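Sequence positions in the sequence shown follow the working numbering and run 560 to 658.
A virtual CB, placed ideally from N, CA and C, is assigned to each residue, including glycine.
These figures come from a predicted structure and were not determined experimentally.
Note sheet for the following structure.
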Amino acid sequence: MIDLTGISLQFGGEYLFKDVNYKINSGDRISLVGSNGSGKSSLLKLLTGELQPESGKILKQNRISIGYLPQDNIIHSGSTILEEALTALSDIILLKEKE
């Protein structure tokens, strides 16, 4: 379970999120869809702790895993797209294998 309460984040004086409340329950699957600059990557960075909200709280259930493939252009020479995706998600794959 992930619970967002009153989350706000802005860049350059513009709010990406202002007083957002959202709850993701155990077993839920979500996808993020939006135009460039709409805050998809920023939301994922908030959820993983790479960014901190200006206000509000993010509560995460113990042992929760969040995986995503960042949009950075770090591609290892000679790797296929599948190999890159598997490398990016290797921690999640290992957790699944342990279950």
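query: With DSSP as the reference, label L653 as helix, strand or coil.; result: helix
query: Could you compute how far the alpha carbon of Q620 sits from the alpha carbon of G637?; result: 38 Å
query: Looking at T564 and N580, is the spacing between their C-beta atoms short of 7 Å?; result: yes
query: Kindly give me the distance between the Cβ atoms of S601 and L575, rounded to whole angstroms, as I take these residues to be in contact under 8 Å.; result: 5 Å
query: As a quick exercise: from I652, K655, I566 and E656, pick the residue whose alpha carbon is nearest that of K660.; result: Nothing can be reported for residue 660, as the shown portion of the chain is limited to 560 through 658.
query: Give the straight-line distance between the Cα atoms of L653 and L618, rounded to the nearest whole angstrom.; result: 24 Å
query: Where do the ends of the beta strand (DSSP E) carrying L563 lie?; result: I561 to F570
query: Hey, would you say I625 sits closer than 7 Å to L606, going by beta carbons?; result: yes
query: Taking DSSP's pairing of strands, which residues face L618 in a bridge?; result: D562
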